[in-house]
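> Sharing a structure here in structure tokens format.
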Ligand SMILES: Nc1ncnc2c1ncn2[C@@H]1O[C@H](COP(=O)(O)OP(=O)(O)O)[C@@H](O)[C@H]1O
Ligand SMILES: [Mg+2]
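Numbering (my numbering), first residue to last: 569 to 931.
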């Protein structure tokens, strides 16, 4: 029975060549290695890509290759791009001041989904030319994802810095996005949140925070969980962990005039924008009064505006963006839109409607 050949590793080739020809090798030596390992010259070249230092020349000193790797990582620019559609509002100025101060001052930003928490931190960094490393936290996030671990690279295990170490060393802003989805494994960041840096026990190295390093966390809750089922998947964060954040900002949805500005930058139909903002406002009010469990976020309004620019059909744009809600909610939202905007008729009145919600909205 024929056997599939075992692919030759970078480490095998490096060991063979170093023993036979030293650490400075040329194409001729690579050809020899390809014959020895019974593989193509291009496979050998591919494996040794990281060691290439000029045409037809390879330097097999591991240290140098690692340095090269590190240099390419350092060269990456992690400053977010300025987005011209961003409109400053709410806590933006305070967030910007904290970043500008270069102080270590862990900051918690809480608020309902899709109201610009992540965007405002990103844009504050963009405006200030500050590097930002964002980690999307999930229940699965662990020490390896945050701090780092060993990775298999071309047959060798090499230490790989996680985003927290990168941010510490660069003096960047570390954004722990949606932190209330985390499990207790997030507690590995306790010493980082105390401003002390972290000891990498697997490689015996202590990483101190560089000047300018700071942590921001965003969440839909305040880390105390949610009993009403609105925030499925959110967890109660450890009290000592929350204590490490000296300040918490509460992010509200933008005011109607700010929200109009946000939407106008995507669509020039003033009337449609006004109607959408009024509609979302009424729905949010009903939500705050406990009348409904769902609401329309700024993010969803932007989605509707974009759907409108694609389909050029207001009713369709609203419909496709409401499809994610259950039938009853969707129907009620559409009927309400009909009331707000006399020119558009989207709801099929014959379908089941949530009379209770409508009554509340009417009153
Ligand atoms: N200040 C703003 N200016 C412009 N667009 C905004 C602003 N705030 C929110 N948005 C829109 O809403 C979307 C969701 O914002 P995001 O920051 O991701 O929400 P959150 O992090 O609060 O869930 C953004 O991608 C953007 O389209
Ligand atoms: Mg976010």
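Glycine included, each C-beta is placed from N, C-alpha and C at the ideal position. Note that the coordinates shown come from a computational prediction; the quantities given were computed from them, not determined experimentally.
Grouping DSSP H, G and I as helix and E and B as strand, with all else coil, what is residue 877?
Taking the first residue of the chain shown as position 1, residue 877 is located at position 309. Of the three classes helix, strand and coil, the one that applies to residue 877 here is helix, per DSSP.
> At what residues does the beta strand (DSSP E) containing residue 895 begin and finish?
Along the chain shown, one-based indexing puts residue 895 at 327. Taken as a continuous stretch (DSSP letters only), residue 895 belongs to no beta strand (DSSP E), being part of the alpha helix (DSSP H) at 895-908.
> Since residue 750 contacts residue 805 with CB under 8 angstroms, what's their CB separation in whole angstroms?
Mapped onto the chain shown, residue 750 falls at position 182. Mapped onto the chain shown, residue 805 falls at position 237. 7 angstroms between Cβ atoms; contact.
> Quick one: measure Cβ to Cβ for residue 692 and residue 660, integer angstroms, because I've assumed they're closer than 8 angstroms.
Residue 692 sits at position 124 when you count from the first residue of the chain shown. Residue 660 sits at position 92 when you count from the first residue of the chain shown. Contact flag correct, Cβ pair sits at about 6 angstroms.
> Give the residues whose C-beta lies closer than 7 angstroms to at least one heavy atom of ligand 2, in chain order.
In chain order, the qualifying residues are 685, 686, 745, 746, 786.
> For residue 819, is the classification buried or exposed, using 16 other Cβ atoms within 10 angstroms of its Cβ as the cut-off for buried?
As a first step, residue 819 must be located in the chain shown, where it is residue number 251. The residue in question, residue 819, is buried, as its Cβ has 16 or more Cβ neighbours within 10 Å.
> Under 8 angstroms Cβ to Cβ from residue 918, same chain only, skipping five residues before and after it: list those, please.
Looking up residue 918 in the chain shown gives position 350. Annotation note: pLDDT 44 at residue 918 (below 50); position unreliable, coordinate value reported separately. Cβ within range, chain order: n/a, list empty.
> If you drop the 5 nearest sequence neighbours on each side, which residues of the same chain put their C-beta closer than 6 angstroms to that of residue 785?
By 1-based counting over the chain shown, the position of residue 785 is 217. Hits under 6 angstroms: 676, 744, 747.
> Does the segment 811-829 come into contact with the segment 709-721, if we say contact requires no fewer than three beta-carbon pairs (one atom in each stretch) closer than 8 angstroms?
No, they do not touch.
> Here's the rule I'm using: 16 or more other beta-carbon atoms within 10 Å means buried, otherwise exposed. How should residue 767 be labelled?
To locate residue 767, count along the chain shown from 1; it is residue 199. The residue is exposed, with fewer than 16 neighbouring Cβ atoms inside 10 Å.
> Quick check: the Cα distance between residue 569 and residue 710, rounded to an integer number of angstroms?
In the chain shown, the residue the question calls residue 569 occupies position 1. In the chain shown, the residue the question calls residue 710 occupies position 142. The pLDDT assigned to residue 569 is 43, lower than 50, so where the model puts this residue is not dependable; a value taken from the coordinates is nonetheless given after this. Rounded to the nearest angstrom, the two C-alpha atoms are 44 angstroms apart.
> Under 8 angstroms, with one C-beta from each stretch per pair, do the segment 832-846 and the segment 903-911 reach the 3-pair mark?
Yes, they touch.
> Confirm, please, whether the CB-CB distance from residue 774 to residue 765 is below 8 angstroms.
Locating residue 765 in the chain shown gives position 197, counting from the first residue. Locating residue 774 in the chain shown gives position 206, counting from the first residue. Yes, they are a contact pair.
> Can you check which of these residues, 608, 627, 628, 739, is closest to residue 669 by C-alpha distance?
The count along the chain shown starts at 1 and reaches residue 669 at position 101. Answer by Cα proximity: 739.
> If you drop the 5 nearest sequence neighbours on each side, which residues of the same chain put their C-beta closer than 6 angstroms to that of residue 898?
Residue numbering aside, residue 898 sits at position 330 when the chain shown is read from its first letter. Here the set comprises 890.
> Grab the span of the beta strand (DSSP E) containing residue 741 for me, first residue to last.
Sequence index remark: in the chain shown, residue 741 carries index 173 (1-based). Per DSSP, residue 741 belongs to the beta strand (DSSP E) from 741-745.
> Does DSSP classify residue 784 as helix, strand or coil?
The residue given as residue 784 occupies position 216 in the chain shown. Strand at residue 784.
> State the Cα-Cα distance for the pair residue 829 and residue 880, rounded to the nearest angstrom.
Reading the chain shown from its first residue, position 261 is the one you call residue 829. Reading the chain shown from its first residue, position 312 is the one you call residue 880. Their backbone Cα atoms lie some 20 angstroms apart in a straight line.
> Can you tell me where the alpha helix (DSSP H) holding residue 855 begins and where it ends?
In the chain shown, residue 855 corresponds to position 287, counting from 1. Its alpha helix (DSSP H) spans residues 838-856.
> Which term fits residue 887, buried or exposed, when burial requires 16 or more other beta carbons within 10 angstroms of its beta carbon?
Numbered from its first residue, the chain shown carries residue 887 at position 319. Label assigned to residue 887: buried.
> Nearest-angstrom Cα distance between residue 623 and residue 595?
Residue numbering aside, residue 623 sits at position 55 when the chain shown is read from its first letter. Residue numbering aside, residue 595 sits at position 27 when the chain shown is read from its first letter. Approximately 9 angstroms between the Cα atoms of the pair.
> With DSSP run on the structure shown, which of helix, strand or coil describes residue 817?
The residue you call residue 817 lines up with position 249 of the chain shown. Correct three-state label for residue 817: strand.
> Determine, using beta carbons only, whether residue 932 and residue 648 come nearer to each other than 8 angstroms.
Look at the range of the chain in this structure, 569 to 931, and you will see that residue 932 is not part of it.
> Name the two residues that bound the continuous alpha helix (DSSP H) containing residue 583.
Here the question's residue 583 lines up with position 15 in the chain shown. Residue 583 -> alpha helix (DSSP H) spans 578-589.
> Run through DSSP, which three-state label would residue 892 get?
Locating residue 892 in the chain shown gives position 324, counting from the first residue. Looking at residue 892 - three-state DSSP - the assignment turns out to be coil, as it is neither helix nor strand.
> In whole angstroms, what is the alpha-carbon distance linking residue 753 and residue 705?
For this step, residue 753 is matched to residue 185 along the chain shown. For this step, residue 705 is matched to residue 137 along the chain shown. Rounded to whole angstroms, residue 753 to residue 705 spans 11 angstroms at the Cα level.
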